[in-house]
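A quick write-up on the structure given underneath.
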Amino acid sequence: MPDASGPQENGHGPGQHLLGPHVVGQRVVVRRLLRGVSGPSGGPAFTDVLGTCLSWADGVCVVQPETGATVSIEIADIVSGKPVPPRPAARLRVGVRDAESRTGGLWTTVDREPLGEWELRSDRAPVGRLLKRANSCLAIGDPGRPFPEALAAVEAFYADRGRDPLVQVEADSAVEGAFAGAGWQRLEYGESDFLLGSVARLRRSLPRSAHDVELSAVGVRAVASVDAGCDPVAEARATVDGDWVGLHAVTVDPAHRRRGLATAVVGELLGWAAEQGAMTAWVHVETDNPGGRAFWEALGLTAHHTCRYWAPSSASAWPVSR
């Protein structure tokens, strides 16, 4: 029977709940005692907290509500609680342009100019080959002018920088059709799916790793790696933008694959991202990489949209095939 000397509600005393270290990373509801406060009937007062459990250690449960600061709850003050299903996937209703705009934080040297709802992008300090996303016009939405004028503005922007023009468009969109009608050609490579999902769900789906993962974070960017001797055998990167986190550049040495290294470095980054307040994770996966897509879908990410690249037939920097 419950200890009658402790605060009770519906027959439950403190500590009698479905919570514990196993709910870290999950969405939970926690009812706790408000010490020193009386309820409406003169008895103990209680309050509920709904959010993602970030930590369960040292006698304290830390919960991140969907808005506001984290809440630290003495485990001894928990009256009841349980895991609850993830919030309905409102993130899947995010527009394509809004979702793709989250990729901007990946680079620190990219110049951007708006063209209506389009965005002109050019990396002023590229290292190695030009990256398509960082050096293309994100042509999603309304450019705010007739298409021929928008096309001329795109060409002029890249000509001023000594670059060949390139556009990133949503697959099968009206904008893609307009570029096709203008005689541009679709690149046969680089088509990518944009996947997104809940940070909490991803963390929940990841197995506990036995690998020693090193995390290095500066501001909104972090790198997680696993070393063998002096050389990294697995690495991944993340960038936080508000309550979103982009995961990218996940690499594992071929000689060390199928040992859980990818999940280890991704898990470390997701833990860091959750501490920064990230709730939605996204990745780009090229459509000719079924293994990569299967990896992310197994963790809980869902396809949101697909993008392709188009360039003029004369653009030598962007050959149609490779």
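All residue numbers for the sequence shown refer to the UniProt record's numbering, where the first residue is 1 and numbers rise by one. Every residue gets a Cβ at the ideal spot worked out from N, C-alpha and C, and that includes glycine.
Rounded to whole angstroms, what is the Cα-Cα separation between residue i and residue j?
i, j, result
"D77", "V23", "17 Å"
"V233", "S216", "16 Å"
"W56", "A152", "57 Å"
"P254", "L261", "11 Å"
"A224", "E214", "6 Å"
"C307", "G197", "18 Å"
"L50", "P40", "22 Å"
"R145", "R204", "46 Å"
"H248", "L33", "42 Å"
"T239", "G104", "10 Å"
"R322", "G229", "36 Å"
"A134", "V320", "18 Å"
"L115", "V218", "31 Å"
"G291", "G246", "19 Å"
I need the DSSP call for residue i, collapsed to helix, strand or coil.
i, result
"G188", "Sequence check: residue 188 is Glu here, not Gly. Coil, per DSSP."
"T52", "strand"
"S205", "helix"
"H256", "helix"
"V218", "strand"
"G246", "strand"
"A278", "coil"
Excluding five sequence neighbours on each side, which residues of the same chain lie with their C-beta closer than 7 Å to the C-beta of residue i?
i, result
"S38", "A45"
"A311", "D164, P165, L166, W184, Q185, L187, W318"
Counting only the same chain and skipping the five closest in sequence on each side, list residues whose C-beta sits under 6 Å from that of residue i.
i, result
"R112", "E119, R121"
"E155", "P165"
"V175", "A139, V169"
"F147", "A178"
"V71", "V49, V63"
"G190", "K132, Y309"
"L299", "L202, S205"
So, under 8 Å CB-CB, residue i and residue j are touching, yes? Tell me the CB distance rounded to an integer number of Å.
i, j, result
"residue 334", "L301", "Not covered by the structure: residue 334. The range shown for the chain is 1 to 322."
"C53", "Q26", "6 Å"
"V84", "V29", "5 Å"
"L131", "K82", "That pair is no contact at about 45 Å."
"L206", "T251", "That pair is no contact at about 18 Å."
"F194", "H284", "6 Å"
Compute every distance between the C-beta of residue i and the non-hydrogen atoms of the ligand NAD, then say whether any falls below 7 Å.
i, result
"V223", "The ligand NAD is not part of this structure, which contains no ligands at all."
Might you give, ordered along the chain, the residues of its own chain that have their beta carbon closer than 8 Å to the beta carbon of residue i, omitting 5 neighbours on each side?
i, result
"E275", "L54"
>> What ranges does the alpha helix (DSSP H) occupy inside the segment 21-109, keeping only unbroken runs of at least 4 residues that lie completely in it?
In response: 96-101
>> If we require 3 or more residues per run, which beta strand (DSSP E) segments fall completely within the segment 109-184?
In response: Uninterrupted beta strand (DSSP E) stretches at least 3 residues long and entirely within the segment 109-184 occur at 110-115, 118-123, 167-170, given in chain order.
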